[in-house]
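**Q** Quick one: the structure is below, questions incoming.
2 protein chains.
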Amino acid sequence: MSATTGTGATRRALGFGLRATAKVLPEHTRAHNRAMVLQHLFHAGPTSRADLARATSLTRVTISDLVSVLIAEGLVEELGVQRGGGVGKPAMLVGMRTHAFQIVAVDLSDDTVMRGAVLTLTGEAVERRCLEVDDRTGDELVDLVEEFTRGLLDAATQPVVGVGIGSPGVIDVDGRVLEAPNRRWTDLPLAALLSERLDLPVHVANDADVAALGEYTFGGAEGSMLLVAVGQGVGAGVMVDGARVHGVRHAAGELGHVTVADDGLPCACGRRGCLETLLSAPALRRAVAGLDTEAADVALAAVGRTLGVTLAPVVSALNLGEVLLSGPADLLDGALREAAEAAVVERTMPAVHTGLRVRMATLDEDVVLSGAAVLVLAAQLGIS
Amino acid sequence: MSATTGTGATRRALGFGLRATAKVLPEHTRAHNRAMVLQHLFHAGPTSRADLARATSLTRVTISDLVSVLIAEGLVEELGVQRGGGVGKPAMLVGMRTHAFQIVAVDLSDDTVMRGAVLTLTGEAVERRCLEVDDRTGDELVDLVEEFTRGLLDAATQPVVGVGIGSPGVIDVDGRVLEAPNRRWTDLPLAALLSERLDLPVHVANDADVAALGEYTFGGAEGSMLLVAVGQGVGAGVMVDGARVHGVRHAAGELGHVTVADDGLPCACGRRGCLETLLSAPALRRAVAGLDTEAADVALAAVGRTLGVTLAPVVSALNLGEVLLSGPADLLDGALREAAEAAVVERTMPAVHTGLRVRMATLDEDVVLSGAAVLVLAAQLGIS
DNA sequence: CGACCTTGGTTAAGCCGCTTTACTAACAAA
DNA sequence: TTTGTTAGTAAAGCGGCTTAACCAAGGTCG
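Here the protein sequences come in this chain order: A and B.
Following numbering that gives the first Met the number 0, the numbering of the first sequence begins with 0 at its first residue and continues without gaps.
Following numbering that gives the first Met the number 0, the numbering of the second sequence begins with 0 at its first residue and continues without gaps.
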């Protein structure tokens, strides 16, 4: 027989044992290669057509064609010839028009205030807004999000590619909020709803997942990484081999309610000793309240160690390259982080922990907004 | 701008922040759709062209063309008309010729004896062989594997699609053994070497990873799952959203040397309290030696609980659907398994553990052989 | 200085792979 | 027997990439 090589088809588990793959058409080829070009321009900056061809291993002909379409769409522009090259005809640089389009991003991770921004395609904030939530929940909260988003859309000075939203809760790939107790959202198709009302592509995902995505694309994080987002609670976003992990019930990353202390404090979830009872902004502030620096560091290190102990099996199972901490730096970036790193290193084998870093996220308060932007970039342009 | 939708391009992290995607050509479209057809025939059995078209959402024309090629290659055959249908022309069933090709699989997970088999495409063993290793290591062991494989190839009664090997150690995607201390293999391109010598496609992967793959394809396991392989040590294979997890340094699944006891027994790795000091066939046998059934169950339950405590964060981070245990059933399938399941459930939130099962692997001693076969099926035919 | 070389980019022709449309084949129901 | 329904094939067309051949615009070198 001929040793024909099949593709590594993207698979998805469907119920019991049935695997579905989607058909691929010639135009998907185009979409893929187009995304590859945009991806390159996005990360490497202005590039000549010839260099694009070399980078993608497509031919100059195909690249030229592709670029001409992108120029016609306004996504790309010619930037003049590259001076000072060697022999041969000097190259014409083409680059993404990163400021000619904008993205609206909304961060719902805080219970009390929603934050939003108008961003360029490179994630620079052009306009920021905040809005008190005033204990609104359920449909009322949806209306408020819509209104808030409309305001941001009005503030946009360029065509908007789409809206990205990071929200707490369990959210499926289509942006349906399956469960977000604090918001009183259950099985709410938030993305579809807003997309309909705003007549724009809207993408919704879990805030911690989105934060991980943001760090991956804008923060330079590795493709196998876990981000621990510390706020009113704890969540995590996980990326494996460059792809977001969703899990069987879309609940991947729900680390806040793993038991970490056998006779720990009671938790809001009804059980005892959850990670969240120790590691959350309020819990940490309580833990260090009234202590001098030294004593506070001891307390923080204890929490850090617990985090490290909890993450060691995860790091081993996935052979992660990085663990990022996101949240209040005064609490996390110090004794806590160091103790967590030490514990992970101490409790894993060298093959797993060599090269591993436990570090702070680089995007600070904008992680979720940036990540929400990546959600849009990835879905609309294939960039991440 | 036009709201063009990009593809979810397959990405891979390359060093720091650089992402590479491979170009896609029209013929990749073909390969993908071809794999999809084979995949369907493999899992659903004989199917008419018209049903294949409906299942894949390709047109009957394309399916007919694809099938005719597969028939010409000998991979597929017509099986006569489907009797007793409703109105209309009765359909001609086509099916994979699962017995017209064979796969050679080798299991190197045991230190002392290598096991191998000639399998049909559905994983049925046609011939089994064993060979004492006699403390051979390094190049000598490679030669022995080659000789052993040659024997199996000679025993094959049908054309062989390829050779699959499951081996302990850290192994990269190209089948290069980066590190396998007990075999004295370091940075050994085993797959390339054997492929060259045997003039056949050879695929090599970690034994636990391969076991997970086997359970996924032949054992009906879910797409987000972790398999704990207990033998002379402990390893794990992880699948997330239907794809194998490799990790940054190809060391994903190395759970044996996670610390689980703060002042535990000394481990061969030089540290103390590794999971492997409690959970391995020898360690378990020692633990229950001389105990009556009840006392043995208490001892096994203690280990099971430790395993559950270790896995709880992993299950939460990935929202796994299943955890499988593979190894000696007399030790694992009972108090140990139940305690592990109880601990995972007890220590994770409902959204994570509802629907989760901790169960025994179904393929018993053949897991690694079956998995090695899947390695070949996936690489050569796109089936998994 | 002009011929030649090198590199960037475009045009034309061709192949591959899918779709739509239109056809034939084979059966059940009326 | 006619009609309707479903399976499968044939022909034409379109999208998307490649190769081959070309022009453009600069260096290098005799």
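Heads up, the beta-carbon is just placed ideally off N, CA and C, and yes, glycines get one too.
What you are looking at is a predicted structure, and each value in this text was computed from that prediction instead of being measured.
With a Cβ-Cβ cutoff of 8 Å, do Leu323(B) and Leu254(B) count as a contact?
**A** No; because the gap between Cβ atoms is not below 8 Å, this pair is not in contact.
**Q** Count the other CB atoms, across all protein chains shown, that sit within 10 Å of the CB of Met0(A); report buried if there are 16 or more and exposed otherwise.
**A** Caution is warranted here: a pLDDT of 33 is assigned to Met0(A), below 50, making its placement in the model unreliable, and the coordinate value is therefore given only provisionally. Exposed is the call here.
**Q** Whose C-beta lies closer than 7 Å to the C-beta of Leu290(A) among residues of the same chain, with five residues either side of it excluded?
**A** Ala298.
**Q** Please report how far the alpha carbon of Gly246(A) lies from the alpha carbon of Leu130(B), in whole angstroms.
**A** Near 41 Å, if we compare the C-alpha coordinates of Leu130(B) and Gly246(A).
**Q** Could you name the residues of chain B that Gln231(A) contacts, counting a contact when the two beta carbons are closer than 9 Å?
**A** Under the 9 Å cutoff, chain B gives no residues; its nearest Cβ is about 16 Å from Gln231(A).
**Q** Tell whether a beta-carbon distance below 8 Å holds between Ala104(A) and Ala90(A).
**A** No.
**Q** Whose C-alpha, out of Ala342(A), Ala34(A) and Asp363(A), is nearest the C-alpha of Arg356(A)?
**A** Measuring from the Cα of Arg356(A), the nearest candidate turns out to be Ala342(A).
**Q** Please state the DSSP three-state secondary structure of Glu178(A).
**A** If DSSP states are grouped into helix, strand and coil, Glu178(A) belongs with the strands.
**Q** Using a Cβ-Cβ cutoff of 7 Å, what residues of the stretch 255-270 of chain B are near chain A? List them in chain order.
**A** Result list: His256, Val257, Thr258 and Cys268.
**Q** Does any CB atom of chain A fall closer than 8 Å to the CB of His31(B)?
**A** At least one chain A Cβ lies under 8 Å of His31(B).
**Q** Hey, would you say Val233(B) sits closer than 8 Å to Ser166(B), going by beta carbons?
**A** Taking 8 Å as the Cβ cut-off, Val233(B) and Ser166(B) do not qualify as a contacting pair.
**Q** Strictly under 8 Å for the Cβ-Cβ distance: is Lys22(A) near chain B by that measure?
**A** For Lys22(A), the answer is yes, since a Cβ of chain B falls inside 8 Å of its Cβ.
**Q** Can you pull the DSSP bridge partners for His202(A)?
**A** His202(A) is bridged to Gly163(A).
**Q** Please specify which runs of the beta strand (DSSP E), each continuous and at least 3 residues long, are wholly inside the stretch 294-367 of chain A, giving them in chain order.
**A** The qualifying runs are 321-325 and 356-359.
**Q** Arg346(B) versus chain A: which residues are under 8 Å apart at the beta carbon?
**A** Those within 8 Å of Arg346(B) in chain A are Val257 and Thr258.
**Q** Could you work out which residues of chain A lie near Thr361(B), taking near to mean beta carbons separated by less than 8 Å?
**A** Residues of chain A passing the Cβ test: none, with the nearest at roughly 12 Å.
**Q** Specify the secondary structure class of Leu120(A) as computed by DSSP and reduced to three states.
**A** Three-state result, Leu120(A): coil.
**Q** Report the rounded CA-to-CA distance for Gly150(B) versus Val132(B), giving the unit in angstroms.
**A** Approximately 15 Å between the Cα atoms of the pair.
**Q** What does DSSP give as the partner residue(s) for Arg243(B) in the beta ladder?
**A** For Arg243(B), which the question treats as bridged, DSSP gives the partners Met238(B).
**Q** When you measure from the CB of Leu74(B) to every non-hydrogen atom of the ligand ATP, does any distance come out below 7 Å?
**A** The ligand ATP is not part of this structure, which contains no ligands at all.
**Q** Report the rounded CA-to-CA distance for Thr353(B) versus Thr305(B), giving the unit in angstroms.
**A** For Thr353(B) and Thr305(B), the distance between alpha carbons rounds to 20 Å.
**Q** Applying a beta-carbon distance threshold of less than 9 Å, which residues of chain B neighbour Ser63(A)?
**A** Under the 9 Å cutoff, chain B gives no residues; its nearest Cβ is about 15 Å from Ser63(A).
**Q** Hey, quick one: how far does the beta strand (DSSP E) through Leu264(A) stretch, first residue to last?
**A** Segment: none, Leu264(A) is in no beta strand (DSSP E) and carries neither H nor E.
**Q** Is Gly213(B) helix, strand or coil when you go by DSSP?
**A** Correct three-state label for Gly213(B): helix.
**Q** Measuring only between beta-carbons, confirm whether Ser67(B) sits less than 8 Å from chain A.
**A** No, Ser67(B) lies away from the interface with chain A (no Cβ there is under 8 Å from its Cβ).
**Q** Report yes or no: do three or more beta-carbon pairs, one from the stretch 332-348 of chain B and one from the stretch 307-318 of chain B, lie closer than 8 Å?
**A** As far as the Cβ criterion goes, the stretch 332-348 of chain B touches the stretch 307-318 of chain B, which means the pair count is three or higher.
**Q** With 8 Å set as the bound, which would you pick, yes or no: does the beta-carbon of Met35(A) sit closer than that to a beta-carbon of chain B?
**A** Yes, because at least one Cβ of chain B sits closer than 8 Å to the Cβ of Met35(A).
**Q** Asn205(A) versus chain B: which residues are under 7 Å apart at the beta carbon?
**A** Under the 7 Å cutoff, chain B gives no residues; its nearest Cβ is about 11 Å from Asn205(A).
**Q** What is the rounded straight-line gap between the Cα of Val237(A) and the Cα of Val367(A)?
**A** So the two alpha carbons sit approximately 14 Å from each other.
**Q** Mapping DSSP to helix, strand and coil, what is Gly232(B)?
**A** Here Gly232(B) sits in coil by DSSP.
**Q** What's the C-alpha gap between Asp365(B) and Pro200(A)?
**A** About 49 Å.
**Q** Note down, in chain order, every chain A residue with its Cβ under 9 Å from the Cβ of Gly252(B).
**A** Under the 9 Å cutoff, chain A gives Ser315, Ala316, Leu317 and Asn318.
**Q** With 8 Å as the threshold, decide whether the Cβ of Gly44(B) is near any Cβ in chain A.
**A** No - not a single Cβ of chain A is within 8 Å of the one on Gly44(B).
**Q** What residue range is occupied by the uninterrupted alpha helix (DSSP H) comprising Leu277(B)?
**A** Note, Leu277(B): alpha helix (DSSP H), Leu274 to Leu277.
**Q** Does Gly122(A) come within less than 8 Å of chain B when only Cβ atoms are used?
**A** So no, Gly122(A) is outside the interface.
**Q** Compare the C-beta of Ala350(B) against all C-beta atoms of chain A and say whether one is closer than 8 Å.
**A** Chain A contact via Cβ: present.
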